[in-house]
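Trainee:
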Amino acid sequence: MPALTRKHHLAAVNALAARDRDLGIIVARHGPPPFRARPAGFETLVHIILEQQVSLASAKATLDKLSVRLPEFTPAAYLRLEDEALRSAGVSRQKARYTRAVAAAIEDGTLPIAGLARRSDARARALLTALPGIGHWTADCYLMLALRRPDLWPIGDLALVKAIQTIKNLPERPDAMELDELGERYRPFRSVATQLYWHAYLNG
Numbered sequence: 001m002p003a004l005t006r007k008h009h010l011a012a013v014n015a016l017a018a019r020d021r022d023l024g025i026i027v028a029r030h031g032p033p034p035f036r037a038r039p040a041g042f043e044t045l046v047h048i049i050l051e052q053q054v055s056l057a058s059a060k061a062t063l064d065k066l067s068v069r070l071p072e073f074t075p076a077a078y079l080r081l082e083d084e085a086l087r088s089a090g091v092s093r094q095k096a097r098y099t100r101a102v103a104a105a106i107e108d109g110t111l112p113i114a115g116l117a118r119r120s121d122a123r124a125r126a127l128l129t130a131l132p133g134i135g136h137w138t139a140d141c142y143l144m145l146a147l148r149r150p151d152l153w154p155i156g157d158l159a160l161v162k163a164i165q166t167i168k169n170l171p172e173r174p175d176a177m178e179l180d181e182l183g184e185r186y187r188p189f190r191s192v193a194t195q196l197y198w199h200a201y202l203n204g
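Residue 1 is where the sequence shown starts when you use full-length UniProt numbering, and the numbers rise one by one after that.
1) Quick one: using the 10 Å Cβ neighbour count with 16 as the cut-off for buried, is Ile26 buried or exposed?
2) Write down the C-beta distance between Arg118 and Leu143 rounded to the nearest angstrom, noting that I regard them as a contact closer than 8 Å.
3) Using the three-state DSSP reduction, which class does Ile25 fall into: helix, strand or coil?
4) Quick check on DSSP: helix, strand or coil for Tyr186?
5) Go ahead and pull the three-state DSSP assignment for Phe42.
6) Hey, Arg36 and Leu145: beta-carbon distance below 7 Å or not?
7) Can you have a look at residue 241 and say buried or exposed, based on whether 16 or more other CB atoms are within 10 angstroms of its CB?
8) Give me the Cα-Cα distance between Leu66 and Val91, rounded to the nearest whole angstrom.
9) For Gln94, count neighbouring Cβ atoms within 10 angstroms of its own Cβ and tell me buried if that reaches 16, exposed if not.
10) For Ala17, which residues of its own chain have a beta-carbon under 6 Å away from its beta-carbon, when the five flanking residues on both sides are left out?
11) Using a C-beta cutoff of 7 Å, does Gly204 count as contacting chain C?
12) If you draw a straight line from the alpha carbon of Gly41 to that of Ile106, how long is it in whole angstroms?
13) Whose CA, out of Arg190, Glu178 and Ile48, lies closest to the CA of Val102?
14) Between Arg188 and Ala96, what straight-line distance do the alpha-carbon atoms span, to the nearest angstrom?
15) Applying the criterion that 16 or more other CB atoms from any shown protein chain within 10 Å of the CB defines a buried residue, is Ser191 buried or exposed?
16) Taking the Cβ atom as the reference point for each residue, do Trp153 and Gly115 lie within a distance shorter than 7 Å?
17) Is the beta carbon of Val13 closer than 7 Å to that of Pro32?
Next comes the structure, spelled out in structure tokens:
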């Protein structure tokens, strides 16, 4: 599947804003969302794991500390880090286990991270979620941000769910079935719809 480009991202924003009045209001109030993309590879996957259940700022601070300890942010170099180096950077014991498992899987070929771009969404997700600590949220965020896949809908993302509740003026947080139903309206650009809701959440 072709990766989303900056040009296509803006075209998708405009198409979604025309299709859904609430998304149009987000664009009118806050402008189009930024084109969110990260380099594909090990460092970005570690970054997304660090973002699990913590603030974006906290995860970025931990990543920055790791980068100081890792002039070359490679799986092999990561595996050579002592546990104390990870702890002092702010990596929890659980996330240290998860990120080491990712590094080992890339090193032994279990996770062909460079080849994920050639896999379908479903196959790439299956390869990622086979590893400990990588659920659908982490896999979908990697596919969306690193591989720039256009049609991901990470319904486990709390910011997305909260934004939908607010923007759609719902009395309660929508459940998985309701989220899936809403997401169908946004195909084939659910990733861009997600970023519009994130945009509203971050600027709310």
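Don't be surprised by glycine CBs; every beta carbon is placed ideally from N, CA and C.
Mentor: Taking the coordinates as given:
1) buried
2) No, Arg118 and Leu143 are not in contact; Cβ-Cβ is about 13 Å, not under 8 Å.
3) Residue state, collapsed to three classes: helix.
4) coil
5) helix
6) yes
7) One cannot answer for residue 241 here, as it falls past the ends of the chain, which runs 1 to 204.
8) 9 Å
9) Answer is exposed; the Cβ neighbour count stays below 16.
10) Leu23, Gly24 and Val27
11) Absence of chain C from the displayed structure is noted, only one protein chain being present.
12) Straight-line Cα distance between these residues: approximately 10 Å.
13) Ile48
14) A quick correction: the sequence has Pro, not Arg, at residue 188. In this structure, the alpha-carbon of Pro188 lies about 35 Å from that of Ala96.
15) buried
16) Contact flag unset, no.
17) yes
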